[in-house]
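Undergrad:
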Amino acid sequence: MDDATRVLLVDDQEENLIALAAILKNVDARVVSARSGEDALRALMTDDFAVILLDVVMPEMDGFETAYHIKRKDRTRDVPIIFLTAARSEPDLAFRGYAAGAVDYLVKPFDPWVLRSKVEIFIELHRARRRAREQAAIMSGLVPGLTDLVRGVTLVGELHERMASVREAAVALGDAVDEDASAVHLKEVCDRLKSELARLDAAHAAVLGSPVAGA
Numbered sequence: 008m009d010d011a012t013r014v015l016l017v018d019d020q021e022e023n024l025i026a027l028a029a030i031l032k033n034v035d036a037r038v039v040s041a042r043s044g045e046d047a048l049r050a051l052m053t054d055d056f057a058v059i060l061l062d063v064v065m066p067e068m069d070g071f072e073t074a075y076h077i078k079r080k081d082r083t084r085d086v087p088i089i090f091l092t093a094a095r096s097e098p099d100l101a102f103r104g105y106a107a108g109a110v111d112y113l114v115k116p117f118d119p120w121v122l123r124s125k126v127e128i129f130i131e132l133h134r135a136r137r138r139a140r141e142q143a144a145i146m147s148g149l150v151p152g153l154t155d156l157v158r159g160v161t162l163v164g165e166l167h168e169r170m171a172s173v174r175e176a177a178v179a180l181g182d183a184v185d186e187d188a189s190a191v192h193l194k195e196v197c198d199r200l201k202s203e204l205a206r207l208d209a210a211h212a213a214v215l216g217s218p219v220a221g222a
């Protein structure tokens, strides 16, 4: 799947699809045509669309049924739908269109400039949402890396602390020897030195396994 922004036209009449494509000729998006509700649903399963221009009156699966299937799927439920219908259609069709989840309802013949302007608005909204998703994905990828980096810095700090403790224990051992300390005291200092050396080894091993070690 490429990154092109798409607009889906759905109408069972080829001449209507050609007219719509001509109106949208200069919009910055790829226009995809579908001759039935079934064709539209198949297209929506493979590509993302900024907006759908959906004819109301079509054989087999009309626009309302098509909209119902679009809105019940997680992948497509948020795609805006603009219903298009002929002027001779019943007045209550507009209410049915909005109830079906349409964001707009235009009656033919409509002003081409108005339709093109509405489509361009939804194209920009689609691109803004896509940029927001991409930035969110980038941030979610950075957070684990930052967490590892902070952990590595913490481990380095702990290593320095352990090294200082080892130095202190070594000095204490030297002082005890110089002072001719008792055997019990010497044993306590030796045990402390061994303990600090073991902690130093553990801290060093942790740092070697952290991202900072390979930086």
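Using the working numbering, you'd call the opening residue of the sequence shown number 8 and step up by one each time.
Every residue, glycine too, gets a C-beta built ideally from N, C-alpha and C.
Which residue's Cα is closest to the Cα of residue 108: 86, 117, 22, 120?
TA: Closest by alpha carbon: 86.
Undergrad: Taking residue 44 as the reference, which of 131, 15, 139, 129 has the closest Cα?
TA: Ranking 131, 15, 139, 129 by Cα distance to residue 44 puts 15 first.
Undergrad: Mind checking residue 106: buried by the 16 CB within 10 Å criterion, or exposed?
TA: Exposed, since its Cβ has fewer than 16 Cβ neighbours within 10 Å.
Undergrad: Go ahead and label residue 184 buried or exposed: buried means 16 or more other beta carbons lie within 10 angstroms of its beta carbon, across all protein chains shown.
TA: Interpretation of residue 184 is limited by its pLDDT of 49, a score under 50 that renders its predicted location unreliable; the figure taken from the coordinates is listed afterwards. Burial call: exposed.
Undergrad: Do three or more CB pairs link the segment 69 to 80 to the segment 20 to 35 at distances below 8 Å?
TA: At 8 Å Cβ cutoff, the stretches do not touch.
Undergrad: Can you give me the Cβ contacts of residue 73 inside the same chain, cut-off strictly under 8 Å, excluding the 5 residues immediately before and after it?
TA: Here the set comprises 17, 44, 47, 48, 61, 65.
Undergrad: Using the DSSP secondary-structure output, state which residues sit across from residue 40 in a beta bridge.
TA: Partner(s): 16.
Undergrad: What residues match up with residue 92 in a beta bridge as DSSP calls it?
TA: Answer is 114.
Undergrad: If you run the structure through DSSP and keep just helix, strand and coil, what is residue 62?
TA: Reduced to three states, the DSSP call for residue 62 is strand.
Undergrad: Taking only three categories from DSSP, how would you classify residue 122?
TA: Looking at residue 122 - three-state DSSP - the assignment turns out to be helix.
Undergrad: Can you tell which of 21, 69, 28, 36 has the C-alpha that lies nearest to the C-alpha of residue 131?
TA: Out of 21, 69, 28, 36, 36 has the C-alpha closest to the C-alpha of residue 131.
Undergrad: Kindly indicate the opening and closing residues of the alpha helix (DSSP H) around residue 74.
TA: Segment 70 to 78, the alpha helix (DSSP H) holding residue 74.
Undergrad: Spatial neighbours of residue 99 within its chain, please: C-beta separation below 6 Å, excluding the five flanking residues on both sides.
TA: Correct list: empty, nothing qualifies.
Undergrad: Using C-beta distances below 6 Å, list every residue in its chain close to residue 129, excluding the 5 sequence neighbours before and after it, in chain order.
TA: The residues are 57, 58, 87.
Undergrad: Answer yes or no: do residue 111 and residue 89 have a C-beta to C-beta separation smaller than 8 Å?
TA: Their beta carbons are under 8 Å apart, which means residue 111 touches residue 89 by this criterion.
Undergrad: Ordered along the chain, which non-local residues of its own chain (more than five positions away) have a Cβ less than 7 Å from that of residue 42?
TA: Within the same chain, residue 42 has close Cβ partners 19.
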